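Asker: Encoded as structure tokens, here's the structure I'll be asking about.
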Amino acid sequence: MSGPLRSKQGCWTCRLRKKKCDEAHPQCSTCESLSITCYGYGSKPEWMDGGEKERVMANSIKQIVKHTSRRKGTSRLGISGKRFLNHQPVQSKEPPLIQIAPKSRNDSPEHPSSSSPGSTTDFNSTPPSDTSKSSASLEEAAHLTVTTLSSISGNDCVLLMHFLDNVFPLQYPMYKPNLREGGRGWLLSLLLRTKPLYHAALALSVYHRRRLLLMLEPPHPCHAARLVEQENHLAICLTEFQETIRSVQQFVERTCPRNVMGIMASVVQLVFFELFAGHGDTWQIHLRAATAMFEQGCNEQMSGFGLGERANKVLTMNLPLTEADFAIADEVSIIRFQGCATIWLDIITSITLGTSPHLQAFHHRVISTASQIKMENVMGCENWVMLQIARISALHEQKTEALKAGYLDPIKFDQSAQDIRSEIEQGVTERALESFNMSECSLLHPSDTVLITKMFTYMASIYLHLVIYGYQNLDRLDTILSEAAALIRAHISCRLLPGFVCPLFFLASVARPEDKPLFRHFFSSAPLLDPLLEHRNIASFGKFADSWKKPDPLNGQKVAECSFYTPLIIAKYMAISHLLPKMSYILRIAASATQKALSIIFSFLTGGYFNEITDPTLALRTMKTIVILGGSFGGISTAHRILKQSAKTGPVKIILVTPNTHMYFNIATPRAIVSGQFADSQIFEPIAAGFKQYSDSQFEFILATAESLDIENKKVNITSESGSRALSYDILILATGSSQKGDAPFKGRGSTEATKDALHDFQARAKKANSIVIGGAGTTGVEAAGELGFEYGLSKKIILIASGPTILEPTPPSVQKTATKQLQALKVEIKLSTKIMGVAKTPDGREELTLSSGEKLTTDLYLPALGIKPNSSYVPANLLNGNGFVIVDEFLHVKGFKDIWAVGDISAVEKAKSMYTDKQSAHVAKNIALLLSNKPLLPYKPDPKEINAVPIGRKAGTGHMGNIKLPSFMVVMIKGKLYFSDKMAPMVNGTSA
């Protein structure tokens, strides 16, 4: 007799493992207990291919299960953790495990915030009046938010010590902990208490060790096995980080200084990890989160960090630590160090990106010369120099924005520059006077802080000169350059090089011929070739040597872009340094093209920066006409990028054709549908004004709609209010985007007026309605439901209808679960596995929805969020796929045509997301530059790691980056505050292109 049939409805993870699944939703209990990703019950995952991908996934899950099972035996975060909180000693049977003995609360009853690894913080204590239930829940919260490692495996010990001995000193090579602050004890305490920080540190350690082994040992089969083992451990570290980051929200809500600053430290370590591992610009997201957290703490006078009374007093009153402050030294040290590191990264990033530091408003009180936050103790450079460098960076942004707007007040600009120069000179004078009090030995052998501060002072003077003059009048820097070269030759050793990489790049960019061998020597020195610093690409300093022999700013720019600590502005100004000598040469050869040469001069006088005119016949080349269809994310960004590189590629004219006068920043629509949340000026930006920095010969704006393509004759047929006509093109870019299915205002309606009318109409109807139904539970639908629930949840009936078994498909189950809970907290009713079969108007003006269950649902307002359709009606059908999207090749050409490109939602290459559109825009602009220069094109690589941030209301949200879930507070800070609406103006005027 045959047994019962085996269920085939289990989750995909259990099916892969060939294990029984309890089929719990949204994720099965088996996967949850083993801390592995449950891939749910939906469509078959891409990796389930019966081949290599499936084998790799199975092996990865097997390693994680093996690791989890071993860890369960030691109860690192389970039973032992609870015993640890209850101060019960834990006995381990595994010899390789090192036991960390818990310290009893009775050992130090008056100092509950001691830095002991086993101590607990005030918020873990329950008042006598609390019930046992609240005590248990509080203990559970403590268990979630504090690591309390009762045992660490031998392998983890190796990695932890490698981080403390090698990685951390690479990150902060000049860090000198004060004796009263307890040395680096606060770091070990923080690592052992903060699970996300602990695993982020281990991940960095694994990465560094792996790179070192590749350098130190020749290839061998046994080494390959070791690397596989290290890769598996890295995967485990990141998986556990994914698990522990779920408790991040509790870190923010609880009043525990170690936890709040621990999360901030975790985010900073993620900055370094993403940067070192070369994961694109992801580090910028983490750094923005860190600066936002520190900004919030400063705004709340440190109360946001949950400090004790004495610690709060020491920090707010800027008091030095004394012997009597030993009990709070841990708290104060953590906050001062993390504050210093975050401000430093913020300033260096602002130089790199040419923007003002995010935290500049707090500099006057956080890193003033009298502040107890001493940047020289962490980074080697004194506060006063970094203050002036931050001011120069802000001055550069002001100049750039003023030139983009068409007017720069020279008097105000000169006054600001002179004020900064005076502050630098005053600082130098004061340090010179202090040197008279030094001993002879100190004068002959200055301290590391004195040397590094001097190097940053030279950098500040050069940076200010570049902002004011560009690479002109470099003779004014002769004194500074000779002093810097003399200082380097006399006192700077290779040991100090990691402390002033940024000044070295500035000095190298303006180096005199006699000093070039000196910089070549230093940039090829061992300390700067550490594998963890590969992102700086210091070894490519030979490209600077090439630029010395034959000016080529692109080489300098490549070096600059590879260095986190190097300002991209160097590359921009390097171009100007060679402009004037070449201008007369161009004019002599291009006598028949005077008008074009004058256009170049005009661009220079109005602040346009040049890369390098390497070909003297450039102005004689035939101007290319590039027609761009679409005035939104893809079209506008691509137009700016092509125009900015035209000095190198040859003269081009951009004709931008679009039916809308303003760009509609529809990313913010889910909140904009609620009346009063966004003014029209915050989500609508005039397009023509954003291109006024270009001449008429470079840019033309046409308000029209594309009707058809005449590909054979290279023409576009367009229709406007004045009639129909054909535009000829040399290159055509399709960037017409997409439209929303249904009448919701989530996408443009053609003209700007029609879009505004639709948005205003919906705002009024939503305000008046008693019931609202949102059809579609993707990102847009969930965001809209969250905003409506936040505003109207207590006064109106809000219903979200999802066609599938969960919302936010196909995101990870943990994201779906969090989003469901957050919506329900806003009183949003969710109907799952329900389709809307039809919509009809009732006699009283309401809307009746027919559901797949046969139910009739009547509502005052129906908001369809059922996806998009491409705006491709003008494109020949043979160029489209079955869904109407344009088929492209690996270079983003429209397939079969080398002079037509597609960018953004209209293209079939990726999902419709603004971040993908921006990446495609940059790639198409680069490929067009290569095309015009007769160079090979670069294939486009879609981003394999999907990032999705979903604000739900104004105080919550969820999302994921690959398989890592994003904490609610991070989603709120990054997207939920403004829905990126502050990025609209820079996009339209080309500042961010």
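Here the UniProt record's numbering is used: position 160 in the sequence shown is 160, and no number is missing along the way. Glycine included, C-beta positions come from ideal geometry on N, C-alpha and C. Computed from a prediction, not measured in an experiment: that's the story for all the values here.
Going by DSSP in three states, Arg495 sits in which element: helix, strand or coil?
Answerer: Here Arg495 sits in helix by DSSP.
Asker: Helix, strand or coil for Glu829 per DSSP?
Answerer: In this structure, Glu829 counts as strand in the three-state DSSP scheme.
Asker: Quick one: residues in its chain with C-beta nearer than 6 Å to the C-beta of Glu946, no 5 flanking neighbours on either side, listed in chain order?
Answerer: Excluding residues within five positions, none has a Cβ falling inside 6 Å.
Asker: Nearest-angstrom Cα distance between Thr917 and Gly742?
Answerer: So the two alpha carbons sit approximately 23 Å from each other.
Asker: Where does Cys28 land, buried or exposed, given buried means 16+ other C-beta within 10 angstroms?
Answerer: Cys28 is buried by the Cβ-count criterion.
Asker: Please classify Tyr664 as buried or exposed, where buried requires at least 16 neighbouring CB atoms within 10 angstroms.
Answerer: Looking at its Cβ environment, which holds 16 or more other Cβ atoms inside 10 Å, Tyr664 is buried.
Asker: With 8 Å set as the bound, which would you pick, yes or no: does the beta-carbon of Ile774 sit closer than that to a beta-carbon of chain B?
Answerer: Of the chains in the structure shown, none is chain B; there is only one protein chain.
Asker: What is the rounded straight-line gap between the Cα of Cys502 and the Cα of Lys941?
Answerer: So the alpha carbons of these two residues sit roughly 31 Å apart.
Asker: Could you tell me the boundaries of the alpha helix (DSSP H) in which Pro986 lies?
Answerer: Residues Met984 to Asn989.
Asker: Among Asn963, Ser968 and Lys913, whose alpha-carbon lies nearest the alpha-carbon of Ile36?
Answerer: Ranking Asn963, Ser968 and Lys913 by Cα distance to Ile36 puts Asn963 first.
Asker: In three-state DSSP terms, what is His286?
Answerer: Helix.
Asker: Flag this pair as touching only if the segment 773-789 and the segment 821-836 have three or more C-beta atom pairs under 8 Å; answer yes or no.
Answerer: Taking 8 Å as the limit for Cβ pairs, the verdict is that the segment 821-836 does touch the segment 773-789.
Asker: Among the candidates Glu721, Ile655, Ile687 and Ala902, whose CA atom is the shortest distance from the CA of Glu700?
Answerer: Among Glu721, Ile655, Ile687 and Ala902, the Cα nearest to that of Glu700 is on Ile655.
Asker: Tell me where the alpha helix (DSSP H) around Thr658 begins and ends.
Answerer: Note, Thr658: premise wrong, no alpha helix (DSSP H); beta strand (DSSP E) at Val652 to Thr658.
Asker: Which of the three DSSP states is assigned to Met264 in this structure?
Answerer: Of the three classes helix, strand and coil, the one that applies to Met264 here is helix, per DSSP.
Asker: Taking the beta strand (DSSP E) that Thr850 falls in, what are its first and last residues?
Answerer: Counting along the chain, the beta strand (DSSP E) containing Thr850 begins and ends at Glu847 to Leu851.
Asker: From Ser681 to Ile687, what does the alpha carbon distance come to, in whole angstroms?
Answerer: Each residue's Cα considered, the two are about 13 Å apart.
Asker: Where Ser646 and Gly635 are concerned, what is the direct C-alpha to C-alpha distance, given to the nearest angstrom?
Answerer: Taking the straight line from one Cα to the other gives about 17 Å.
Asker: Would you tell me roughly how many angstroms separate the C-alpha atoms of Ser907 and Trp901, rounded to the nearest one?
Answerer: So the alpha carbons of these two residues sit roughly 9 Å apart.
Asker: Counting only the same chain and skipping the five closest in sequence on each side, list residues whose C-beta sits under 6 Å from that of Glu561.
Answerer: Confidence at Glu561 is low in this model, with a pLDDT of 33, below 50, so its placement is unreliable and no value can be given for it.
Asker: Where does Leu212 fall in DSSP's three states?
Answerer: Helix.
Asker: Given Thr457, which residues of its chain have a CB within under 8 Å of its CB, disregarding the five upstream and five downstream residues?
Answerer: Cβ within range, chain order: Val385, Ile424, Gly427 and Val428.
Asker: Taking the alpha carbon of Ser852 as the reference point, which residue from Ala689, Leu866 and Leu832 has its own alpha carbon closest?
Answerer: The shortest C-alpha separation from Ser852 is found at Leu832.
Asker: With distances taken from CA atoms, which of Val467, Ser675, Ser447 and Ser416 is nearest Arg495?
Answerer: Closest by alpha carbon: Ser447.
Asker: Report the CB separation of Ser992 from Arg641 in whole angstroms; it is logged as a contact under 8 Å.
Answerer: Ser992 to Arg641, Cβ: 10 Å. No contact.
Asker: If Leu395 and Ser416 are in contact, beta carbons under 8 Å, what's the gap, nearest whole angstrom?
Answerer: That pair is a contact at about 6 Å.
Asker: State the Cα-Cα distance for the pair Val158 and Glu32, rounded to the nearest angstrom.
Answerer: Each residue's alpha carbon lies about 29 Å from the other.
Asker: Between the Cα of Ile801 and the Cα atoms of Ile772, Pro659, Gly690 and Tyr198, which residue gives the shortest distance?
Answerer: Nearest option by C-alpha distance: Ile772.
Asker: So, is Val652 buried or exposed, given that buried needs 16 or more other C-beta atoms within 10 angstroms?
Answerer: Buried, since its Cβ has 16 or more Cβ neighbours within 10 Å.
Asker: I need the boundaries of the beta strand (DSSP E) containing Glu685, first residue and last residue.
Answerer: Residues Phe684 to Pro686.
Asker: Taking Cβ positions, are Thr820 and Ile807 nearer each other than 8 Å?
Answerer: Going by C-beta atoms, Thr820 is nearer than 8 Å to Ile807.
Asker: Whole-angstrom Cβ separation of Gly690 and Thr658, contact assumed at under 8 Å?
Answerer: So it is not a contact: roughly 12 Å between Cβ atoms.
Asker: State buried or exposed for Leu794, treating a residue as buried only when at least 16 other CB atoms are found within 10 Å of its CB.
Answerer: The residue is exposed, with fewer than 16 neighbouring Cβ atoms inside 10 Å.
Asker: Identify, in the order they occur along the chain, each residue of the same chain with its Cβ nearer than 8 Å to the Cβ of Ala58, setting aside the five sequence neighbours on each side.
Answerer: Cβ within range, chain order: Leu16 and Arg17.
Asker: Taking the beta strand (DSSP E) that Ala949 falls in, what are its first and last residues?
Answerer: It spans Ile947 to Pro951 - the beta strand (DSSP E) in which Ala949 sits, taken as one unbroken run.
Asker: Identify, in the order they occur along the chain, each residue of the same chain with its Cβ nearer than 6 Å to the Cβ of Thr661, setting aside the five sequence neighbours on each side.
Answerer: Closer than 6 Å at Cβ, skipping near neighbours: Thr752.
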